[in-house]
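Report on the structure given below.
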């Protein structure tokens with residue numbers, strides 16, 4: 001049975017107080033994140049970007065590898 | 001029997017002088033004016049009463065007070081915080097309220113704490129205000145009116161001091177700067193406990209609703225946005241804090257209270273995170289969310305800052321943006337880097353006629369929504385509204401002139 005929560009996409013939350021723009025997430029999630037003028041990750045709509053099924057593995061890597069522990073995957 | 005109980009309960013204030021109706025800040029004047037705070041058998045009922053009254057938060061965001069209280073009341077061992085730190089330079093209504101009616105704020109804090117079942121209470125405000133609150137608390141204790149312990153914490157002197165997560169950081173003993181928030185404060189706030197953070201005016205309004213009920217509260221204001229609000233009026237001939245019903249006409253405030261000719265008004269600003277309202281639109285502007293929404297503005301925290309015709313809107317905005325950039329907590333990359341760039345480019349346009357508005361728009365978009373708090377969003381909103389409202393002035397600046405003859409950099413925000 002799929003619940004309301006299951007249907008919601010995963011979102012990648014950036015803790016801006018931690019992020020220092022090291023850029024690993026931008027490399028791993030090239031279609032979703034771009035570099036801004038100062039090297040910080042930038043999502044298209046500026047909110048926490050939705051992560052599609054095919055990007056979920058890359059997003060999990062980004063969360064695990066972020067040297068600043070600034071990323072969280074959440075529903 | 002204690003003194004206050006022997007008093008006959010006076011009638012509810014009529015008209016729109018509600019919050020500042022007492023003849024003085026002392027407990028005797030407070031009780032003479034409003035009577036004691038009722039002690040209901042089921043304090044939680046106050047949440048329904050406040051919801052029925054339709055009270056919205058008076059700290060700027062305008063969130064329904066009853067809904068926030070209900071969310072906190074569902075949690076275990078909640079905490080209530082009265083927030084009186086107004087970092088906004090154009091606002092002084094919280095200071096006026098704490099100076100003139102500290103007992104109303106404390107009544108509201110007590111009533112809110114009883115309603116949500118909180119034992120721990122905090123009041124956070126600038127140190128000079130805390131002195132007055134300390135005196136009020138001593139009076140309440142001496143009279144046997146209210147023995148509740150309230151922890152007082154001095155607010156930092158910064159623009160972001162009153163931001164909710166910054167308040168909680170300060171109360172937790174950390175630097176008074178915003179924090180990343182994944183879970184609502186109502187569920188997990190101070191030390192992980194459900195925390196109700198209300199602006200001091202919201203609490204004072206709540207103290208009146210607890211006494212006189214929702215019907216009385218709704219007898220002024222608009223149907224959807226009832227009650228009164230405190231407004232800090234500045235830039236006018238007469239300035240200061242006034243209480244007005246929601247839906248009051250901005251033009252009336254400027255002319256009647258401010259004693260300023262509307263013909264002298266270039267635009268009005270609702271706070272440093274707000275939007276400019278051009279003089280031409282002032283006839284439509286009333287202090288309600290519904291009326292201000294088409295003008296991309298809100299009543300916010302009740303700031304009405306008048307820019308007169310002898311000041312330049314672009315320069316005023318450049319000055320404020322410079323201030324906002326300096327007030328960044330410098331935690332979040334886009335805000336730390338973007339706000340100074342935004343201020344610089346807008347300053348170049350406003351003061352030297354250099355820089356394309358397109359670049360300013362791009363920078364505003366670049367910072368918008370990209371921080372732990374709404375500081376960059378507010379700066380982006382202000383700058384965008386300036387480029388729209390003062391659009392006709394941009395070519396003048398690019399040709400090296402200005403709508404105003406002489407003005408020195410920074411003059412406006414220092415006034």
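Chains as they are written, first to last, in the numbering used here: chain H, 1 to 75; chain A, 1 to 415.
Idealized CB from N, CA, C, for every residue including glycine.
Quick one, are the C-beta atoms of residue i and residue j less than 9 Å apart?
i: residue 181 of chain A; j: residue 19 of chain A; result: no
i: residue 198 of chain A; j: residue 80 of chain A; result: yes
i: residue 365 of chain A; j: residue 343 of chain A; result: no
i: residue 46 of chain A; j: residue 209 of chain A; result: yes
i: residue 122 of chain A; j: residue 152 of chain A; result: yes
i: residue 240 of chain A; j: residue 306 of chain A; result: no
i: residue 125 of chain A; j: residue 84 of chain A; result: yes
i: residue 78 of chain A; j: residue 111 of chain A; result: no
i: residue 29 of chain A; j: residue 22 of chain A; result: yes
i: residue 283 of chain A; j: residue 251 of chain A; result: yes
i: residue 285 of chain A; j: residue 224 of chain A; result: no
i: residue 353 of chain A; j: residue 397 of chain A; result: yes
i: residue 13 of chain H; j: residue 48 of chain H; result: yes
So, with DSSP's three-state summary, where would you put residue i?
i: residue 277 of chain A; result: strand
i: residue 103 of chain A; result: helix
i: residue 63 of chain H; result: helix
i: residue 15 of chain H; result: coil
i: residue 447 of chain A; result: The structure shown does not extend to residue 447 of chain A, since chain A is modelled only from 1 through 415, so no value can be given for it.
i: residue 154 of chain A; result: strand
i: residue 468 of chain A; result: Lying outside 1 to 415, the shown extent of chain A, residue 468 of chain A is not represented and no answer is given.
i: residue 304 of chain A; result: strand
i: residue 38 of chain H; result: coil
i: residue 202 of chain A; result: helix
i: residue 15 of chain A; result: coil
i: residue 80 of chain A; result: strand
i: residue 32 of chain H; result: coil
Rounded to whole angstroms, what is the Cα-Cα separation between residue i and residue j?
i: residue 93 of chain A; j: residue 163 of chain A; result: 16 Å
i: residue 264 of chain A; j: residue 46 of chain H; result: 40 Å
i: residue 186 of chain A; j: residue 71 of chain A; result: 6 Å
i: residue 60 of chain H; j: residue 333 of chain A; result: 23 Å
i: residue 140 of chain A; j: residue 36 of chain A; result: 11 Å
i: residue 42 of chain H; j: residue 315 of chain A; result: 30 Å
i: residue 4 of chain A; j: residue 100 of chain A; result: In this predicted model, residue 4 of chain A has a pLDDT of only 45, less than 50, meaning its place in the structure is not dependable; the value taken from the coordinates is given anyway. Cα to Cα, residue 4 of chain A sits roughly 20 Å from residue 100 of chain A.
i: residue 404 of chain A; j: residue 311 of chain A; result: 6 Å
i: residue 323 of chain A; j: residue 339 of chain A; result: 10 Å
i: residue 193 of chain A; j: residue 116 of chain A; result: 13 Å
i: residue 379 of chain A; j: residue 360 of chain A; result: 12 Å
i: residue 132 of chain A; j: residue 102 of chain A; result: 7 Å
i: residue 27 of chain A; j: residue 62 of chain H; result: 59 Å
i: residue 113 of chain A; j: residue 196 of chain A; result: 9 Å
The beta strand (DSSP E) with residue i in it runs from where to where?
i: residue 243 of chain A; result: 240 to 245
i: residue 178 of chain A; result: Premise fails: residue 178 of chain A is in no beta strand (DSSP E) and is neither H nor E.
i: residue 198 of chain A; result: 195 to 199
i: residue 232 of chain A; result: 228 to 234
What are the boundary residues of the alpha helix (DSSP H) that includes residue i?
i: residue 120 of chain A; result: Per DSSP, residue 120 of chain A belongs to no alpha helix (DSSP H); it is in the beta strand (DSSP E), 120 to 125.
i: residue 316 of chain A; result: 313 to 326
i: residue 28 of chain A; result: 27 to 34
i: residue 339 of chain A; result: 333 to 352
Looking at chain H, which residues of the stretch 329 to 348 of chain A have a Cβ within less than 9 Å of any of its Cβ atoms?
Residues 329, 331, 332, 333, 334, 335, 336, 337, 338, 341.
May I ask you to list, following chain order, the residues of the stretch 3 to 26 of chain H that have a beta carbon less than 9 Å from some beta carbon of chain A?
For the stretch 3 to 26 of chain H, which is checked against every Cβ of chain A, the residues closer than 9 Å are 13, 14, 15, 16, 17, 18, 19, 20, 21.
Return the residues of the stretch 350 to 382 of chain A that lie within a Cβ-Cβ distance of less than 7 Å from chain H, sorted by chain order.
Those residues of the stretch 350 to 382 of chain A that come within reach of chain H (Cβ to Cβ, closer than 7 Å) are 366, 368, 369, 370, 371, 372.
Residues of the stretch 165 to 183 of chain A with Cβ closer than 8 Å to any Cβ of chain H, in chain order
The stretch 165 to 183 of chain A vs chain H, Cβ under 8 Å: 178, 179, 180, 182.
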